[in-house]
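Chains as they are written, first to last, in this note's numbering: chain F, 1 to 387; chain P, 1 to 312.
Taking it in order: structure first as structure tokens, then the write-up.
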Amino acid sequence: MRALLWGRLKGFRKQWVLYLIMLILPIVFTYFFSMMGDQSKYKVSIVFDHDVAVQEKLLDELKKEETLQLENVSSSEMEEGIVNGGYEAGIYFDEKALNKIEQGIGPIDLVMYRTKDGASLELIEQAIMKAVNRVVNQQQLSKTIIAEVEGNLSLRNVSQLVQNAYQEELPVTVQASTLESETEVKYDPQFQALVGFTLFFTIYTIIFTLGEILEDRSKNILARITIAPVSTTKWFMANFIYSFLVGYSQIFILILFGKYVMNMDWGDHLTLLFTVLAFYVMATMAIGMLLCGFSKNMQQLNALTPIVAVSFAMIGGAYWPIEIVSNEILLKLAHITPIYHAMNALKSLVLYDHGVTAILTESFSLLGMTLILIVIGILLFKKQSKT
Amino acid sequence: MALLEAIELSKTFQKHKAVDDLHITIREGEVLGLLGPNGAGKSTTISMIASLLEPSRGEILYKGKSVLKKSEIIRKELGLVPQEIALYPEFTGKENLMFFARLYKVPKKERAERIAEVLSIVGLSDRASDKVEKYSGGMKRRLNIACALLHKPKLLIMDEPTVGIDPQSRNHILEMVKQLNTKGMSILYTSHYMEEVETLCDRIAIMDHGSIIAEGKKQDLIGMVQDQDLLYVSVEQQVAGFEQAVKEIDEVLFMEREDFRYKIGLKQQAEILPELFTLAHEYGIRIQGIDIQSPRLEDVFLHLTGRSLRDE
């Protein structure tokens with residue numbers, strides 16, 4: 001097997017240009033998409049139906065949400081802006097909701113105005129919920145403290161104290177479930193772009209390096225290898241190892257580039273992160289093997305690969321967060337793509353700071369996919385080789 | 001002694017029978033030529049013998065042992081020269097040889113020496129460090145052969161090794177095959193070039209439509225048509241009725257026309273020239289040249305199949 005691997009690595013010089021391009025493209029795309037992410041904050045109008053003391057604080061908290069660009073307007077301005085497309089959405093805080101927020105009690109029902117189902121609405125909703133929850137928590141805490149000090153301090157002053165305390169990140173958390181959804185979507189444009197494009201462009205590198213097996217077959221080198229004292233299993237293994245090394249090294253370099261050049265925070269679970277990425281490379285390799293099984297030659301593989309890579313990236317959540325997809329069929333289809341599972345696992349580790357248990361399902365999905373597709377791919381390839 | 005024996009070998013692809021009930025024997029130390037037109041089933045036969053393709057039916061014995069049951073029996077002693085150039089073009093000649101030497105488990109200590117030796121055999125020592133993509137077609141073919149010689153195989157299978165190359169490289173390859181054979185290597189040589197097979201092979205098997213239609217030494221095969229002489233007649237112009245008139249002569253077995261040249265098969269030692277000249281005079285045809293030849297393998301194929309090898 002060492003001879004085969006030696007041959008493959010020696011032949012890498014034929015592919016170094018492709019490798020370099022696939023290294024540069026994710027960086028370029030990340031740069032532009034991250035910039036675009038900054039510029040394209042969702043423009044949301046806010047209407048306060050009633051004047052309450054907490055209004056100012058609520059507005060401050062809402063402005064902390066990086067994905068939102070807020071404008072405090074009147075009802076008519078909101079309506080007109082949404083109809084004209086000036087605002088992505090409008091949030092209406094009526095008297096009842098504002099009083100509940102002021103009192104720190106739930107449930108709170110907010111009304112969102114929009115003209116159509118947009119990919120961004122869920123993100124907007126999540127951002128609003130986060131900000132409102134923070135204010136409700138602070139108000140709840142304020143009430144508790146007031147009760148304790150038995151009226152020596154006014155509600156406004158206590159509230160200010162609590163707000164300051166939150167800024168110092170006191171270890172006080174209050175589980176809020178006053179709004180309808182319990183889950184919170186975190187979105188980091190830089191993470192989305194770098195990880196998404198890294199996973200996307202790696203597909204090409206992995207599949208094209210594995211595609212060498214088709215070249216071996218068409219040039220009849222495979223016939224020579226078959227009659228040599230080396231088993232075809234070892235030949236497949238050598239090709240998988242080679243493809244894995246090339247694909248994984250690409251991801252490794254891009255992760256390091258993200259950390260040291262783009263100042264990406266990859267969180268505290270680097271070992272788990274690289275483990276998930278290893279599973280992803282293996283699953284992509286299995287997809288590549290399946291495509292090799294379907295292809296008669298390198299030309300056919302070259303035609304199939306972009307179709308598969310782009311489709312997987314689109315439905316798997318490489319180009320945009322999967323959370324903004326609402327179509328049930330697309331969401332179900334996403335499960336067949338390695339990108340979907342890898343993105344989910346990486347988000348769990350990096351954005352949500354979850355540990356090993358949060359990535360078990362995704363990791364097993366990737367491994368299962370690897371085993372099944374690789375076996376089918378090999379069988380198809382062998383069948384194709386006999387004809 | 002039979003080194004390899006294929007018995008009642010058949011291979012069917014879907015409904016197409018590529019090889020049909022084939023029987024072939026390769027003796028130790030001989031060059032066996034497998035001659036046949038394109039599509040006759042030569043490459044399929046070779047693939048089965050080399051254990052690359054499973055026969056639909058039949059048995060292959062190497063030194064009396066079944067190759068189908070245990071392919072390692074033949075693989076370690078087999079050198080295969082595929083019809084395609086089975087090389088990495090981005091590698092140098094030497095790197096290609098190094099790859100295959102490692103693959104065939106040539107001991108590390110012997111590799112450099114063995115590579116130099118095969119480079120010398122194929123006459124590429126001075127171009128060993130050049131990339132294969134810069135080689136001419138003939139050089140690639142020679143390196144293609146060199147890769148199959150690294151592990152000193154006992155049986156060398158060469159599938160159309162001279163396709164598409166210049167006469168100089170072809171001669172080099174033919175000489176090389178002769179030398180390898182004199183050193184004791186058994187060779188199965190397939191080609192649709194009759195001259196190569198005639199020059200190189202101790203025995204010849206003629207294949208058509210997946211079957212061996214004749215097998216034996218060159219002279220034995222030619223003996224099948226020994227009762228014929230061939231007369232080539234060049235004429236200045238063609239006149240209707242002349243060909244039919246010649247065919248009606250008793251001694252004429254067949255007659256074919258190639259532009260202004262007639263190929264006439266005659267019963268052995270038949271003397272038709274006076275009659276031929278008379279007919280030519282009658283039809284106003286001027287004969288420009290006459291050539292009498294003994295039968296060749298080409299004629300054997302024609303005799304057996306009614307078609308020319310070159311027509312395929």
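Ideal Cβ positions, reconstructed from N, Cα and C, are used throughout, including at glycine.
Original post:
Excluding sequence positions up to five away, which residues of its chain have a Cβ less than 8 Å from the Cβ of F/ILE378?
Top reply: As a first step, residue 378 of chain F is located in the first sequence; it is residue number 378 there, counting from the start. Cβ neighbours of F/ILE378 beyond the five flanking positions: PHE236, MET289 and GLY293.
Original post:
Where are the alpha helix (DSSP H) runs, 4 residues long or more, that stay fully inside the stretch 30-104 of chain P, in chain order?
Top reply: 42-49, 72-75 and 93-103
Original post:
Exposed or buried, which one is F/MET388 when buried takes at least 16 other CB atoms within 10 Å?
Top reply: With chain F running from 1 to 387 in the structure shown, residue 388 of chain F is simply not present.
Original post:
In the stretch 149-192 of chain P, which residue ranges form an unbroken alpha helix (DSSP H) of at least 4 residues, counting only runs that do not cross its ends?
Top reply: 167-182
Subject >> Residue span of the beta strand (DSSP E) that contains P/THR12, given as start and end >> reply: Within the second sequence, the letter at position 12 stands for residue 12 of chain P. Counting along the chain, the beta strand (DSSP E) containing P/THR12 begins and ends at 2-13.
**OP:** Would you identify the three-state DSSP class for F/LEU110, choosing helix, strand or coil?
**Re:** Numbered from 1 along the first sequence, position 110 holds the residue referred to as residue 110 of chain F. Three-state DSSP puts F/LEU110 in coil, outside helix and strand.
Original post:
Since F/ARG217 meets chain P, which of its residues come closer than 8 Å, beta carbon to beta carbon?
Top reply: For the purposes of this step, residue 217 of chain F is taken as the residue at position 217 of the first sequence. Those within 8 Å of F/ARG217 in chain P number zero; the least Cβ separation is about 10 Å.
Subject >> Reduced DSSP category for P/LYS263 - H, G, I as helix; E, B as strand; rest coil >> reply: On the second sequence, position 263 is the one that residue 263 of chain P refers to. P/LYS263 falls in the strand class under three-state DSSP.
Subject >> Contact residues within the stretch 36-63 of chain P, judged by C-beta distance below 9 Å to chain F >> reply: SER47, ALA50, SER51, LEU52, LEU53 and GLU54
Original post:
Do P/TYR104 and F/ALA223 have their C-beta atoms within less than 8 Å of each other?
Top reply: Counted from its first residue, the second sequence places residue 104 of chain P at position 104. Counted from its first residue, the first sequence places residue 223 of chain F at position 223. Their beta carbons are not under 8 Å apart, which means P/TYR104 does not touch F/ALA223 by this criterion.
**OP:** Could you tell me whether the Cβ of F/TRP16 comes closer than 8 Å to any Cβ of chain P?
**Re:** Start at 1 with the first residue of the first sequence, and residue 16 of chain F comes out as number 16. So no, F/TRP16 is outside the interface.
Original post:
Can F/LEU68 and F/VAL44 be called in contact, C-beta distance under 8 Å?
Top reply: For the purposes of this step, residue 68 of chain F is identified with residue 68 of the first sequence, where counting begins at 1. For the purposes of this step, residue 44 of chain F is identified with residue 44 of the first sequence, where counting begins at 1. Cβ atoms of F/LEU68 and F/VAL44: closer than 8 Å.
Original post:
By how many angstroms is the C-alpha of P/ASP166 removed from the C-alpha of P/ILE7?
Top reply: The residue labelled residue 7 of chain P in the question sits at position 7 within the second sequence. The residue labelled residue 166 of chain P in the question sits at position 166 within the second sequence. The straight-line gap from Cα to Cα measures roughly 37 Å.
Original post:
Candidates F/ILE108, F/TRP320, F/MET112 and F/LEU5: which alpha carbon is nearest F/ILE339's?
Top reply: Stepping through the first sequence from its first residue, residue 339 of chain F is reached at position 339. The shortest C-alpha separation from F/ILE339 is found at F/TRP320.
**OP:** For F/VAL230, go through chain P and note every residue whose CB falls closer than 7 Å to its CB, in chain order.
**Re:** As a working mapping, residue 230 of chain F is identified with position 230 in the first sequence. Going along chain P in sequence order, the residues near F/VAL230 (Cβ under 7 Å) are LEU103.
Subject >> Where F/THR275 meets chain P, residues with beta-carbon distance less than 8 Å >> reply: Locating residue 275 of chain F in the first sequence gives position 275, where the first residue counts as 1. Here the premise fails: no neighbours, minimum Cβ distance about 33 Å.
Original post:
Mind listing which residues of the stretch 94-125 of chain F have their C-beta closer than 8 Å to chain P's C-betas, in chain order?
Top reply: none
Original post:
Could you give the distance in angstroms between the alpha-carbon of F/GLU65 and the alpha-carbon of F/GLN192?
Top reply: Position 65 of the first sequence holds residue 65 of chain F. Position 192 of the first sequence holds residue 192 of chain F. Roughly 17 Å between the two C-alpha positions.
**OP:** Would you please state the rounded distance, in angstroms, between the beta carbons of P/PRO89 and P/GLU59? I believe it to be under 8 Å.
**Re:** Locating residue 89 of chain P in the second sequence gives position 89, where the first residue counts as 1. Locating residue 59 of chain P in the second sequence gives position 59, where the first residue counts as 1. About 38 Å; that fails the 8 Å criterion.
Original post:
Taking just the CA atoms, how far does P/LYS217 sit from P/LEU326?
Top reply: Shown here, chain P extends from 1 to 312; a query on residue 326 of chain P therefore has no answer.
Original post:
What separation, rounded to the nearest whole angstrom, lies between the Cα atoms of F/GLU180 and F/LYS41?
Top reply: The residue you call residue 180 of chain F lines up with position 180 of the first sequence. The residue you call residue 41 of chain F lines up with position 41 of the first sequence. Only weak support exists for where F/GLU180 lies, its pLDDT of 36 falling under 50; the value from the coordinates is given anyway. One C-alpha to the other measures close to 24 Å.
Subject >> Spatial neighbours of F/HIS269 in its chain, beta-carbon cut-off 6 Å, leaving aside the 5 residues before and after >> reply: On the first sequence, residue 269 of chain F is found 269 positions in, with the first residue counted as 1. Within the same chain, F/HIS269 has close Cβ partners LEU349.
Subject >> Uninterrupted alpha helix (DSSP H) stretches inside the stretch 7-51 of chain F (no shorter than 4 residues) >> reply: 16-39
Original post:
Does any residue of chain P bring its CB to less than 8 Å from the CB of F/TRP6?
Top reply: Along the first sequence, read from residue 1 onward, the residue named residue 6 of chain F stands at position 6. It does; some Cβ of chain P falls within 8 Å.
Subject >> Cβ-based neighbour list, F/GLU125, same chain, cut-off 7 Å, excluding 5 preceding and 5 following >> reply: Counted from its first residue, the first sequence places residue 125 of chain F at position 125. Excluding positions up to five away in sequence, the list reads MET112.
Original post:
Does the pairing of the stretch 189-204 of chain F with the stretch 15-35 of chain F give three or more beta-carbon distances under 8 Å?
Top reply: yes
Original post:
What residues from the stretch 75-94 of chain P come within 8 Å of chain F, judged by C-beta to C-beta, listed N to C?
Top reply: ARG75, LYS76, LEU78, LEU80, PRO82, GLN83, GLU84, ILE85, ALA86, LEU87, TYR88, GLU90 and PHE91
Original post:
Would P/PHE99 pass as a contact of F/GLY7 if the rule is Cβ separation under 8 Å?
Top reply: Here residue 99 of chain P refers to the residue found at position 99 of the second sequence. Here residue 7 of chain F refers to the residue found at position 7 of the first sequence. Yes, these two residues count as a Cβ contact at 8 Å.
Subject >> Closest Cα partner of P/TYR232 within the set P/VAL225, P/HIS303 and P/GLU256 >> reply: Residue 232 of chain P sits at position 232 when you count from the first residue of the second sequence. Selected option, being the one with the closest Cα: P/GLU256.
**OP:** Measure from the alpha carbon of F/PHE279 to the alpha carbon of each residue in F/ALA147, F/ASN344, F/THR233 and F/VAL230, then state which is nearest.
**Re:** Indexing the first sequence from 1 puts residue 279 of chain F at position 279. Ranking F/ALA147, F/ASN344, F/THR233 and F/VAL230 by Cα distance to F/PHE279 puts F/ASN344 first.
Original post:
Is the CB of F/GLY11 under 8 Å away from at least one CB in chain P?
Top reply: Position 11 of the first sequence holds residue 11 of chain F. F/GLY11 counts as touching chain P.
Original post:
Once you ignore the five residues that flank P/ALA86 on each side, which residues in its own chain have a CB closer than 8 Å to its CB?
Top reply: Taking the first residue of the second sequence as position 1, residue 86 of chain P is located at position 86. The answer, listed in chain order, is ASN144 and CYS147.
Subject >> For P/THR25: DSSP bridge partner residues >> reply: Counted from its first residue, the second sequence places residue 25 of chain P at position 25. Bridge partners of P/THR25: P/GLU5.
Subject >> Proximity of P/VAL67 and P/VAL177 at Cβ, strictly below 8 Å >> reply: Position 67 of the second sequence holds residue 67 of chain P. Position 177 of the second sequence holds residue 177 of chain P. Taking 8 Å as the Cβ cut-off, P/VAL67 and P/VAL177 do not qualify as a contacting pair.
Original post:
Got a sec: is the Cβ-Cβ distance from F/ILE225 to anything in chain P below 8 Å?
Top reply: Taking the first residue of the first sequence as 1, we reach residue 225 of chain F at position 225. It does; some Cβ of chain P falls within 8 Å.
Original post:
Nearest chain P C-beta to F/ASN239 closer than 8 Å, yes or no?
Top reply: Translated into the one-based positions of the first sequence, residue 239 of chain F becomes position 239. So no, F/ASN239 is outside the interface.
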